[in-house]
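The structure appears right after this line, and notes come after that.
Number of protein chains: 2
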Amino acid sequence: MKRASRMVLIEKIVSENIVTSQEDLLRMMEGKGVQCTQATLSRDLRQMGISRGFDGSGGYRYLLPGKREETAELFPGREMEAITGMTWAHGLLLINTPPGFASAVAIKIDRSGRYEIAGTVAGDDTILLIPRDNISNEAVEECLTTIFLSNTKTQL
Amino acid sequence: MKRASRMVLIEKIVSENIVTSQEDLLRMMEGKGVQCTQATLSRDLRQMGISRGFDGSGGYRYLLPGKREETAELFPGREMEAITGMTWAHGLLLINTPPGFASAVAIKIDRSGRYEIAGTVAGDDTILLIPRDNISNEAVEECLTTIFLSNTKTQL
DNA sequence: ATCCAGAGTGCAAATTTATACATTTTTTAA
DNA sequence: TTAAAAAATGTATAAATTTGCACTCTGGAT
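So the protein sequences, as listed, match chains P and C. Just so we're aligned: the first sequence equals residues 0 to 155 in numbering that gives the first Met the number 0. Just so we're aligned: the second sequence equals residues 0 to 155 in numbering that gives the first Met the number 0.
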């Protein structure tokens, strides 16, 4: 199991469960058939920016890095309609939107916290999406599908 | 010293300093003439929602709630703190910052006039840094260190 | 093919944080 | 004021996280 895919799983587990400790996470990972040590998780979590916070009821839990308030004026679940085109070039994905919609869509992508996506830069009607190294185009497109489709089918 | 006023001091210290551990905080509190134990700080911090996060340069620090990704004010000489993460992909360097800080940091990079850096593109919270051809990642990172650490000896 | 450099990992030790329990301090109610 | 109840804190310890070190693996360069 490679680091990148392990991280993808970590992100998924942390986003969908209340993870109270690294040992806790370790067990969940094993439940998914992925093995490593707690020390490795400590390092992964730091690299991913996932830190221990509070669950609001006195307990501790791990949280994905910074959520930010939604500035998009997109119809929930219909963000896909704001994407008018996509082109791959030099390993980068150029996403076209109607004028003014680029940052709204980019924010949604950024907030997904998907590990496969290193980051985005948004202009007015174009988004440059930079995948992490060694992530396939298909994986990135699957990410986008996951992000923008409400009925996400679970995989991995 | 009462709990409430101790908490006021904790908030002040955490917001104005890079606190890396509870022991660290304890010493700063003592420096302000307030004494308690690490156990008490642990309890105070939980109640205040102050959790341990990352400083963007591989280190740990305590962060006020809601300021999870925004702790870094763009104080002159402390721009490094506004860099919350960096990733290399496709020979390009993606720099993450708190929302809204990207262009401020990018301007600083542009003005440095470093040959190794061909240019930058800044979004809201992401900067795409394009190195010149045949410049190593390490060289670029050294550039950034030079740019941001040149006048940082006072703090951090 | 071989060597080298760097990334990644496990293990165990060190460090840091959380908590059980006892004690002290503060608050409440008379 | 005073007794009882509740809250806060310290101590000691447990639990959790981080890190130094050694080893492995991988990708390049010779």
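No residue lacks a Cβ here, since even glycine has one placed at the ideal position from N, Cα and C. Since we're looking at a predicted model, the values are computed, not measured.
query                                                                                                                       : result
Counterpart residues of Met95/C in DSSP-defined beta bridges                                                                : Per the sequence presented here, residue 95/C reads as Asn, with Met not at that position. Bridge partners of Asn95/C: Gly84/C, Thr125/C.
Sequence-distant residues of its chain with Cβ nearer than 7 Å to Thr86/P (five each side left out)                         : Leu93
As assigned by DSSP and simplified to three states, the class of Leu143/C                                                   : helix
Segments of 3+ residues assigned as beta strand (DSSP E) that fall wholly inside the stretch 13-39 of chain P               : none
Test: Ser14/P CB closer than 8 Å to a CB of chain C                                                                         : no
Span of the alpha helix (DSSP H), counted from its first residue to its last, around Arg110/P                               : 101-111
Buried or exposed (CB count within 10 angstroms, at least 16 for buried), Glu137/C                                          : exposed
Local Cβ density within 10 Å of Ser4/C, reported as buried at 16 or more and exposed below that                             : exposed
Exposure label - Ser41/P; buried when at least 16 CB within 10 Å                                                            : exposed
Cutoff 8 Å: Glu69/P Cβ touching any chain C Cβ                                                                              : Residue placement at Glu69/P cannot be trusted, given a pLDDT of 30 that sits under 50; what the coordinates show is reported in the next sentence. Chain C, which has no Cβ nearer than 8 Å to the Cβ of Glu69/P, makes this no.
Closest by C-alpha distance to Asp132/P, when choosing among Val33/C, Ala88/C, Asn95/C, Met28/C                             : Ala88/C
Identity of the residue in Thr19/C, Gly30/C, Gln34/C, Gly84/C nearest Leu63/C by Cα                                         : Thr19/C
CB contact below 8 Å: Arg131/P versus chain C                                                                               : yes
For Ile49/C, the three-state DSSP class (helix, strand or coil)                                                             : coil
Endpoints, the beta strand (DSSP E) within which Leu62/P is located                                                         : 59-62
Contact set between the stretch 29-55 of chain P and chain C, restricted to residues whose Cβ is under 8 Å from the partner : Arg45, Gly48, Ser50, Arg51, Gly52, Phe53
C-beta contact flag for Asp43/C and Ile12/C at 8 Å                                                                          : no
C-alpha gap between Pro130/P and Met28/C, whole angstroms                                                                   : 44 Å
Close-in-space but distant-in-sequence residues of the same chain around Asp23/P (CB under 8 Å, 5 per side omitted)         : none
Contact list for Asn95/C against chain P, beta-carbon separation under 7 Å                                                  : Gly118
Beta carbon proximity, Ala105/C to chain P, threshold 8 Å                                                                   : no
Residue environment, Ala38/P, which counts as buried when at least 16 other CB atoms sit within 10 Å                        : exposed
Rounded separation between Ala101/C and Ala105/P - CA only                                                                  : 15 Å
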